[in-house]
Amino acid sequence: RPSESVRRLAYLNAALETGIANPLDAALVAMGAAAKLSVSGVTKIDEIPYDFQRRRLTIVLEQKGERLLATKGAFAEVLTICTSIAAPDGDTALTEARRGELEKFFQAKGEDGFRVLALATKQVKAKSDYTQQDENGLTFAGFLLFLDPPKDTAAEALAGLRQAGIVTKVISGDNRHVTAHVARAVGLDPEAMLTGQEIAAMSEEALWHRAPRTDLFVEIEPQQKERIVRALQKTGHVVGYLGDGINDAPALHAADIGISVDGAVDVARESADIVLLKPDLGVLRQGVEDGRRTFANTLKYISISISSNFGNMISMALATPLLPFLPMLPKQILLNNLLADFPALAISTDRVDPEQLKRPQGWDIHYVGRFMLVFGIAGSAFDFLTFGVLLLIFHAGDQLFHTGWFVVNLISQLVVLLVLRTKRMAWRSRSSPLLLAIMATVVAVTLLLPYSGPIAAVFGLQPLTARELAASLAIVVTYVATTELIKHWFYRRFARSRRGRAPTAAHD
């Protein structure tokens, strides 16, 4: 039954305590304020602060000349110090049968989704100070029920993380019943559970085996949180830990990615790598997608740029001793690099194929090296095809040679970027509008440069005839088509599937 005396004692305990601030005490104080309760007429004598072993908080107060010890905390820890129970007709002995009734009530409310604390009291004699030894022989006064349902968006957010290859685990000091209820509500497996007591009895090797297969870690002591994180890391998982309390600091520090929220205690925020300004799990999913998109585009830039530079280096190194002139003048090389850099920088805005966002990606220097060799050599081969056409068909002198290779080399770099930016066929993967716009602009500038009069003269370029231009564009089209074929062969034959380790988001 609802009890005004239990409500008032809970309010006084929460309002007078001076330890670690927590949402449960804040809820009790708000409840008392709404019921117009106050601490007037009550004097606080002493406080036995909360700790994570006792899991209870005691306030000694005086009212009307009598001293009363009021303790609230976790149900099991409060029940162990009680020897009697409050009843309408007076306190009675707390028999095993009554204890069983209390435990059934506690379990039933937990399964309904309530967080349950217990409240106990005891009349005490006046003395100078009170200690933990005074917490004995108390009378069980009643229960405190708190309803803290998950957000409506929580299940959707966790499903989104799961689709991204991220396993979510709950690590909580709460009892198994309420944690299982919350887990069920957000789509986690309530049967895949380990308790703090079970973990305490496990060897490290046993925990390494069980932790990846467990969704819920319940009734956990603070030091066990770090142990769970390290067990997951030991079995090859990348662990993100989300916590906001003082007891989360060690786990936040141990995790690969420590995540906290703006309203967390100072030590949790300082221990975290990332602080969320919005308390929403959907932000995590968005952050993961943005990170994977950024990584994918960065890898595109590195792979495409290094293969292009490698191919140009081979072409310059081999052609220079064979020609009576430089294959390309220094100022032409600088202009080529400048113009090619604009679309390359726009890769940061590029779209990423959905399959690249489904799994975490890892840095693989062997992949980059193979990519550089295969596509760099392919590019160099077409450079030599260009050299052959210019020298053998058009009998080019130095200025025509410079102009022809400048146009073919630069346009090839730009257009082939559309092919190499995706593992799909180029026409089945949409690139960003900005990338396309910049690329089209630079291609147009490249085609117009030889006909720009004084500007062309500055860079040592000359106009191309229709036949020379057509041959140059034919080489570009052939190169792009060949690169598309080589790309599919490369990903089938050489590009080792980089199976990133699925990160685990451990959430308290």
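Numbering (the working numbering), first residue to last: 1377 to 1884.
Just so you know, even glycine gets a beta-carbon here, dropped at the ideal spot from N, CA and C.
Just so you know, these numbers come straight off a predicted model, no measurement behind them.
Rounded straight-line distance, which links the Cα of ARG1804 to that of GLU1602
On the sequence shown, position 226 is the one that residue 1602 refers to. On the sequence shown, position 428 is the one that residue 1804 refers to. For GLU1602 and ARG1804, the distance between alpha carbons rounds to 46 Å.
Element boundaries [beta strand (DSSP E), containing MET1578]
For the purposes of this step, residue 1578 is taken as residue 202 along the sequence shown, with counting starting at 1. First-last for MET1578: undefined, no H or E at that position.
Between which two residues does the beta strand (DSSP E) containing GLY1549 stretch?
On the sequence shown, residue 1549 is found 173 positions in, with the first residue counted as 1. First-last for GLY1549: undefined, no H or E at that position.
Do you know offhand how far LYS1734's Cα is from LYS1412's?
To locate residue 1734, count along the sequence shown from 1; it is residue 358. To locate residue 1412, count along the sequence shown from 1; it is residue 36. Going from the Cα of LYS1734 to the Cα of LYS1412 covers about 53 Å.
Given a threshold of 16 other Cβ atoms within 10 Å of its Cβ, counted over all protein chains shown, does LYS1448 qualify as buried or as exposed?
The residue labelled residue 1448 in the question sits at position 72 within the sequence shown. For LYS1448, the number of other beta carbons within 10 angstroms of its own is at least 16, and it is reported as buried.
Could you pull the start and end residues of the alpha helix (DSSP H) that ARG1645 belongs to?
The residue labelled residue 1645 in the question sits at position 269 within the sequence shown. Note, ARG1645: alpha helix (DSSP H), 1642–1647.
Can you give me the Cβ contacts of SER1724 inside the same chain, cut-off strictly under 6 Å, excluding the 5 residues immediately before and after it?
Within the sequence shown, residue 1724 is the residue found at index 348, counting from 1. Closer than 6 Å at the Cβ level, and outside the excluded window around SER1724, lie ASN1673.
Pick out the complete beta strand (DSSP E) segments inside the region 1482–1557, 3 residues or longer, and give them in chain order.
1490–1500, 1514–1523 and 1543–1547
Would the region 1647–1659 count as touching the region 1711–1720 if we require 3 or more Cβ pairs under 8 Å?
no
Identity of the residue in VAL1765, ALA1556, PRO1425 and ASN1389 nearest THR1419 by Cα
Translated into positions along the sequence shown, residue 1419 becomes position 43. THR1419 has its Cα closest to that of ASN1389, out of VAL1765, ALA1556, PRO1425 and ASN1389.
Taking the beta carbon of PRO1378 as the centre, do at least 16 other beta carbons fall within 10 Å, making it buried, or is it exposed?
Here residue 1378 refers to the residue found at position 2 when the sequence shown is read from its first residue. It is exposed - the Cβ of PRO1378 has fewer than 16 other Cβ atoms within 10 Å.
Identified DSSP bridge partners for ASP1422
As a position in the sequence shown, residue 1422 is number 46, starting the count at 1. DSSP lists VAL1436 as partners of ASP1422.
Determine, using beta carbons only, whether VAL1436 and TYR1387 come nearer to each other than 7 Å.
To locate residue 1436, count along the sequence shown from 1; it is residue 60. To locate residue 1387, count along the sequence shown from 1; it is residue 11. It is not a contact, given that the beta carbons lie outside the stated cut-off.
Contact the region 1508–1520 vs the region 1421–1438: 3+ CB pairs below 8 Å:
Flag = yes, the region 1508–1520 and the region 1421–1438 touch.
LEU1653 beta carbon less than 7 Å from that of ASP1666:
In the sequence shown, the residue the question calls residue 1666 occupies position 290. In the sequence shown, the residue the question calls residue 1653 occupies position 277. In this structure, LEU1653 does not lie closer than 7 Å to ASP1666 by Cβ.
Any idea what DSSP makes of PHE1593, helix, strand or coil?
Residue 1593 sits at position 217 when you count from the first residue of the sequence shown. For PHE1593, the three-state secondary structure derived from DSSP is strand.
CA-to-CA distance, ARG1589 to LEU1495, given in whole angstroms
Looking up residue 1495 in the sequence shown gives position 119. Looking up residue 1589 in the sequence shown gives position 213. LEU1495 and ARG1589 have their C-alpha atoms some 36 Å from each other.
Nearest to ALA1631 by alpha carbon, out of HIS1557, LYS1610, ARG1384 and HIS1742?
In the sequence shown, residue 1631 corresponds to position 255, counting from 1. Out of HIS1557, LYS1610, ARG1384 and HIS1742, LYS1610 has the C-alpha closest to the C-alpha of ALA1631.
Is it the case that the Cβ atoms of ILE1690 and VAL1784 are separated by a distance below 7 Å?
Walking along the sequence shown from the start, residue 1690 turns up at place 314. Walking along the sequence shown from the start, residue 1784 turns up at place 408. Cβ atoms of ILE1690 and VAL1784: not closer than 7 Å.
Inter-stretch contact at 8 Å, needing at least 3 Cβ pairs: the region 1567–1577 / the region 1593–1601:
yes
Neighbourhood of LEU1849 by C-beta, 8 Å cutoff - its chain only, sequence neighbours within 5 removed:
Taking the sequence shown and counting its residues from 1, one reaches residue 1849 at position 473. Same-chain partners within the cutoff: ILE1787.
In angstroms with no decimal places, state the Cα-to-Cα distance between ASN1685 and THR1670.
The residue you call residue 1685 lines up with position 309 of the sequence shown. The residue you call residue 1670 lines up with position 294 of the sequence shown. Rounded to whole angstroms, ASN1685 to THR1670 spans 22 Å at the Cα level.
Given ASP1774, which residues of its chain have a CB within under 7 Å of its CB, disregarding the five upstream and five downstream residues?
One-based indexing of the sequence shown puts residue 1774 at position 398. Only PHE1701 meet the Cβ criterion.
Under the three-state reduction of DSSP, which class applies to VAL1637: helix, strand or coil?
Stepping through the sequence shown from its first residue, residue 1637 is reached at position 261. Strand at VAL1637.
Is the beta carbon of VAL1750 closer than 7 Å to that of LEU1790?
The residue you call residue 1790 lines up with position 414 of the sequence shown. The residue you call residue 1750 lines up with position 374 of the sequence shown. In this structure, VAL1750 does not lie closer than 7 Å to LEU1790 by Cβ.
So is HIS1553 buried or exposed if we call it buried at 16+ other beta carbons inside 10 Å?
Start at 1 with the first residue of the sequence shown, and residue 1553 comes out as number 177. Buried.
Once DSSP output is grouped into helix, strand and coil, what is the label at ARG1443?
Mapped onto the sequence shown, residue 1443 falls at position 67. Residue state, collapsed to three classes: strand.
With a cut-off of 8 Å, do at least 3 Cβ pairs link the region 1822–1841 to the region 1756–1763?
no
Beta-carbon proximity check, LYS1498 vs LEU1455, cutoff 7 Å
Sequence index remark: in the sequence shown, residue 1498 carries index 122 (1-based). Sequence index remark: in the sequence shown, residue 1455 carries index 79 (1-based). No.
When DSSP builds the beta bridges, which residues end up paired with LYS1448?
If you number the sequence shown from 1, residue 1448 lands on position 72. LEU1433 and LEU1495.
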